[in-house]
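Chemist: Quick note: the sequence shown uses my numbering, first residue 1, plus one each step.
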Amino acid sequence: MENGLESTGDSRLDQAVTQWLQYDKNPKTAAAVRTMVKDRAMSELQKCFGARMEFGTAGLRAAMGPGVSCMNDLTIIQTTQGFCAYLEQCFTDLKQRGVVIGFDARAHPPSGGSSKRFACLAASVLISRGVPVCLFSDITPTPYVPFTVSHLGLCAGVMVTASHNPKQDNGYKVYWANGAQIIPPHDKGIAAAIEQNLEPWPKSWDTDGALQSSLLNDPYQDIHREYCQTIQQHCFHRELNKNTKVKVVHTSVHGVGHIFVQAAFKAFDLQPPYAVEEQKDPDPEFPTVKYPNPEEGEGVLMLSFALADKEGATVILANDPDADRLAIAEKQESEQWRVFSGNELGALLGWWIFQCWKQQKEDGKASIKDVYMLSSTVSSKILRAIAVKEGFHFEETLTGFKWMGNRAKELMDQGKTVLFAFEEAIGYMCSPAVLDKDGVSAAAIAGEFVSYLASKNRTLSHQLRSIYEEYGYHISKNSYFICHDQDTIKRLFERLRNYAGENSYPKECRGFAITAVRDLTTGYDSNQPDNKAVLPTSKSSQMITFTFANGGVATMRTSGTEPKIKYYTELCAAPGNSDLNLLKTELDNLVDVIVEHFYQPEKNNLTPRPE
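Okay, here's the thing in structure tokens:
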């Protein structure tokens, strides 16, 4: 092998390593690769060079470290070169409009990688081609990037973040000129362009030169001010906010959210929330939590509960580390804390935003037939029930905000009003100014909602019960199994597609009759006259939805960013059917038989979600 290193005995690996050492100027990752070759650490080398990270609609998400399968200086340069080449094909005015780049606070000292470093390298690649770059000078929430794309009319945006993934991970998330995340075919186009631009361009590594370039500007102050100004159009109860007695605790879980949520509360004239001191400053080690993901519930919120009890606060707001998600907990009359599920928060925020719109509409606002709400297909159907009764439109999209953001933009371009979109993974789009989930505006809107309810001597829990009593109980139960073996996953789903002979899906599951099946991997939908699914299909991910005769819906799907097979189940009851215990028991029984007969965790060696 060149570089004075011995051959690994695998010519493909030798070639990959030689090319890497030729291109990589980061001393830490280059040294790590040399050491692996010297020590003949074959399994490590295979892990780092076996397969390049796949660029998909979610961009990239992987561990930081050396090699083509990890996030590091060289793979960031290669990715941005491909992205830049693709943008040059798509936009004749790229050099006039430019691109925005943001980053979170992640860092990985062993490989010298960090979100800020990756953002600077991405900027230097684009600037080397004459593309103007708005590079934030400091950490920002993810929603600031799509906001900037829309607000300044840019061609694209990049956010360097791994959201709530474990601390060793990082990611590269891409937004298109419409302000939404990319959808096909852009992912394939960018992936192909990356492969054609692997050798670093002459000035790609020159971050010092790029940071001095006249093509670079820092949008931080302007965008922060404009964002806080823009979200004020969703503030309807300023006087109530000023005088509210409700105390709120906020945690940013060692991420970027603290100063931005404080500013959003100020924009709404709300009292500043109490910040969880141990978690308010960014820390890439996430020292106080096992997983930096508020979706995991109580474990992440222990310090918040303690602060709330000390200060007499009754509501907790928690962002994930890049502040695009929002979790909420409320103290109950029993003195216990209730952590709301993403679906329950979707019901609460959707109801509230509709009430605010109705109140405004009396001042001659748009007609209700032009009003839309969206949610992903694995989220609660509660918005559908509200829409049917109130007369606005509800649409569901494929899973992920990329689909909701793009659909919202299409509707807005047709003159429609998109009030709200949500997904059960605690993601909420409460303002059309950001065509993605946004935990900052959602926190301020939730703060106002809570102060409004308190003025009526009500709580979020009271209000949720009222919503379910009016529109029908929608109770859900979502979880996942961990599985690292792709063959097992494939086998599990193929068994369901060929359940009683070839191309036949199950007709029942242990006494629960199945009335419809939709398979968005193959494009089959038994509910459609031609059996063809209306929603887009994707052969690269697994997703089957079963509808049951008892009003139950269950979706089984693989995750795009984690080694999980998820399930999402919901029982939708008609208004008036309010025996909650009976409904819960029925849903529990349904979930138990789906797990036992469709997942077969023992046979397939699946690891249950850690408690």
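In this text, a Cβ means the ideal position worked out from N, Cα and C, and glycines have one as well.
Bear in mind that the values here come from a model prediction, so they are computed numbers and not experimental data.
#1: Less than 7 Å between C-beta atoms, sequence neighbours within five positions excluded: which residues of the same chain meet that for R52?
#2: Taking its Cβ as the centre, do 16 or more other Cβ atoms sit within 10 Å of A637, making it buried, or is it exposed?
#3: Taking only runs of the alpha helix (DSSP H) that begin and end inside the region 332-369, which ones reach a length of at least 4 residues, in chain order?
#4: Give me the Cα-Cα distance between A107 and T80, rounded to the nearest whole angstrom.
#5: Taking contact to mean at least 3 C-beta pairs separated by less than 8 Å, is the region 131-138 in contact with the region 166-174?
#6: Going by CA-CA distance only, name the one from S540, L582, V149 that's closest to K490.
#7: Going by the beta-carbon positions, is the gap between K603 and I482 smaller than 9 Å?
#8: Would you call the CB atoms of I183 and F55 closer than 9 Å?
#9: Do you know offhand how far D588's Cα is from Y499's?
#10: What are the complete alpha helix (DSSP H) segments, minimum 4 residues, inside the region 410-492?
#11: If you run the structure through DSSP and keep just helix, strand and coil, what is M302?
#12: Would you kindly work out how many angstroms separate the C-alpha atoms of S341 and Y23, rounded to a whole number?
#13: Could you check if T142 is buried or exposed, using at least 16 other CB atoms within 10 Å of its CB as the buried criterion?
#14: P321 and D104: beta carbons closer than 9 Å?
#15: Excluding sequence positions up to five away, which residues of its chain have a Cβ less than 6 Å from the Cβ of F286?
#16: Classify L154: buried if its beta carbon has 16 or more other beta carbons within 10 angstroms, exposed otherwise.
#17: Going by DSSP in three states, C509 sits in which element: helix, strand or coil?
#18: First and last residue of the beta strand (DSSP E) that includes R225?
#19: Which first and last residues belong to the alpha helix (DSSP H) in which G189 is found?
#20: Are the region 472-482 and the region 566-583 touching by the rule of at least three beta carbon pairs closer than 8 Å?
#21: How many whole angstroms separate the CB atoms of S214 and G179, which I take to be in contact at a CB cut-off of 8 Å?
#22: Taking the Cβ atom as the reference point for each residue, do L121 and T29 lie within a distance shorter than 9 Å?
#23: Mapping DSSP to helix, strand and coil, what is E502?
#24: What number of angstroms, rounded off, separates the C-alpha of A549 from the C-alpha of T230?
#25: Whether or not the region 262-269 and the region 329-337 are in contact is what I'm after, with contact meaning three or more pairs of Cβ atoms, one per stretch, closer than 8 Å; do they touch?
#26: Output the boundary residues of the alpha helix (DSSP H) element that contains N581.
#27: The alpha helix (DSSP H) spanning G82 covers which residue range?
#28: Among F260, N243, G130, which one has its Cα closest to the Cα of Q221?
#29: Can you list, in chain order, the residues of its chain with a C-beta nearer than 7 Å to that of A264? Leave out the 5 residues immediately preceding and following it.
#30: Whole angstroms are fine: how far does the CA of P575 sit from the CA of R458?
#31: With three or more C-beta pairs closer than 8 Å as the rule, is the region 195-210 touching the region 405-422?
#32: Taking the alpha-carbon of F46 as reference, which of T417, R12, T161 has the nearest alpha-carbon?
#33: How about A446 and L349: do their beta carbons lie closer than 9 Å?
#34: Find the nearest neighbour of F147 within the set D438, C90, V450, A387, judged by alpha-carbon distance.
#35: Taking the DSSP output, what are the residues bridged to M64?
#36: Verify whether the separation of the beta carbon atoms of A162 and L87 is less than 9 Å.
Modeler: Checking against the coordinates, here is how it stands:
#1: Your numbering for residue 52 matches position 52 in the sequence shown. The beta carbon of R52 lies closer than 7 Å to those of V68, S69 in the same chain, with the five residues before and after it left out.
#2: Residue coverage of the chain in this structure runs from 1 to 611, which leaves residue 637 outside it and unanswerable.
#3: If we require 4 residues or more, the alpha helix (DSSP H) runs fully inside the region 332-369 come out as 342-361.
#4: The residue you call residue 107 lines up with position 107 of the sequence shown. The residue you call residue 80 lines up with position 80 of the sequence shown. If you draw a straight line from the Cα of A107 to the Cα of T80, it is about 19 Å long.
#5: The region 131-138, when compared against the region 166-174, does not touch it at the 8 Å Cβ threshold.
#6: The residue you call residue 490 lines up with position 490 of the sequence shown. The residue with the shortest Cα to Cα distance from K490 is S540.
#7: In the sequence shown, counting from the first residue as 1, residue 603 sits at position 603. In the sequence shown, counting from the first residue as 1, residue 482 sits at position 482. Taking 9 Å as the Cβ cut-off, K603 and I482 do not qualify as a contacting pair.
#8: As a working mapping, residue 183 is identified with position 183 in the sequence shown. As a working mapping, residue 55 is identified with position 55 in the sequence shown. Not in contact: I183 and F55 (Cβ atoms no closer than 9 Å).
#9: Numbered from 1 along the sequence shown, position 588 holds the residue referred to as residue 588. Numbered from 1 along the sequence shown, position 499 holds the residue referred to as residue 499. Pairing D588 with Y499, the inter-Cα distance amounts to about 23 Å.
#10: The region 410-492 contains these whole alpha helix (DSSP H) runs: 439-455, 460-471.
#11: In the sequence shown, counting from the first residue as 1, residue 302 sits at position 302. Residue state for M302 is assigned as helix, using DSSP reduced to three classes.
#12: If you number the sequence shown from 1, residue 341 lands on position 341. If you number the sequence shown from 1, residue 23 lands on position 23. Distance from the CA of S341 to the CA of Y23, rounded to the nearest whole angstrom, comes to 47 Å.
#13: Position 142 of the sequence shown, counted from the first residue, corresponds to residue 142. So T142 ends up on the buried side.
#14: Along the sequence shown, read from residue 1 onward, the residue named residue 321 stands at position 321. Along the sequence shown, read from residue 1 onward, the residue named residue 104 stands at position 104. For the pair P321 and D104, the CB atoms are nearer than the 9 Å cut-off.
#15: Within the sequence shown, numbered from 1, the residue matching residue 286 stands at position 286. Taken in chain order, the residues that qualify are K167, H254, P292.
#16: In the sequence shown, counting from the first residue as 1, residue 154 sits at position 154. L154 is buried by the Cβ-count criterion.
#17: Position 509 of the sequence shown, counted from the first residue, corresponds to residue 509. If DSSP states are grouped into helix, strand and coil, C509 belongs with the strands.
#18: Counted from its first residue, the sequence shown places residue 225 at position 225. Per DSSP, R225 belongs to no beta strand (DSSP E); it is in the alpha helix (DSSP H), 220-230.
#19: Sequence index remark: in the sequence shown, residue 189 carries index 189 (1-based). Note, G189: alpha helix (DSSP H), 186-195.
#20: Yes, the region 472-482 is in contact with the region 566-583.
#21: The residue you call residue 214 lines up with position 214 of the sequence shown. The residue you call residue 179 lines up with position 179 of the sequence shown. S214 to G179, Cβ: 26 Å. No contact.
#22: The sequence position of residue 121 within the sequence shown is 121, counting from 1. The sequence position of residue 29 within the sequence shown is 29, counting from 1. Going by C-beta atoms, L121 is not nearer than 9 Å to T29.
#23: On the sequence shown, residue 502 is found 502 positions in, with the first residue counted as 1. DSSP places E502 in the coil class of the three-state scheme, outside both helix and strand.
#24: What you label residue 549 is simply residue 549 of the sequence shown in a count that begins at 1. What you label residue 230 is simply residue 230 of the sequence shown in a count that begins at 1. Distance between the alpha carbons of A549 and T230 is about 45 Å.
#25: No, the region 329-337 is not in contact with the region 262-269.
#26: Numbered from its first residue, the sequence shown carries residue 581 at position 581. For N581, the enclosing alpha helix (DSSP H) stretches over residues 580-594.
#27: The residue labelled residue 82 in the question sits at position 82 within the sequence shown. For G82, the enclosing alpha helix (DSSP H) has its first and last residue at 73-90.
#28: Looking up residue 221 in the sequence shown gives position 221. Closest option to Q221, Cα to Cα, is F260.
#29: Position 264 of the sequence shown holds residue 264. Sequence-distant partners of A264 (beyond 5 residues in either direction) whose C-beta falls short of 7 Å from its own C-beta, in its chain, are C228, I231, V440, S441, A443, A444.
#30: As a first step, residue 458 is located in the sequence shown; it is residue number 458 there, counting from the start. As a first step, residue 575 is located in the sequence shown; it is residue number 575 there, counting from the start. Distance from the CA of R458 to the CA of P575, rounded to the nearest whole angstrom, comes to 22 Å.
#31: Flag = no, the region 405-422 and the region 195-210 do not touch.
#32: Reading the sequence shown from its first residue, position 46 is the one you call residue 46. Inspection of the sequence shows that residue 46 is occupied by Gln rather than by Phe. Considering only alpha carbons, the answer is R12.
#33: Counting from 1 along the sequence shown, the entry for residue 446 is found at position 446. Counting from 1 along the sequence shown, the entry for residue 349 is found at position 349. Yes, these two residues count as a Cβ contact at 9 Å.
#34: Stepping through the sequence shown from its first residue, residue 147 is reached at position 147. The candidate whose alpha carbon is nearest that of F147 is D438.
#35: Your numbering for residue 64 matches position 64 in the sequence shown. M64 pairs with M71.
#36: Mapped onto the sequence shown, residue 162 falls at position 162. Mapped onto the sequence shown, residue 87 falls at position 87. Result no, Cβ atoms of A162 and L87 do not sit closer than 9 Å.
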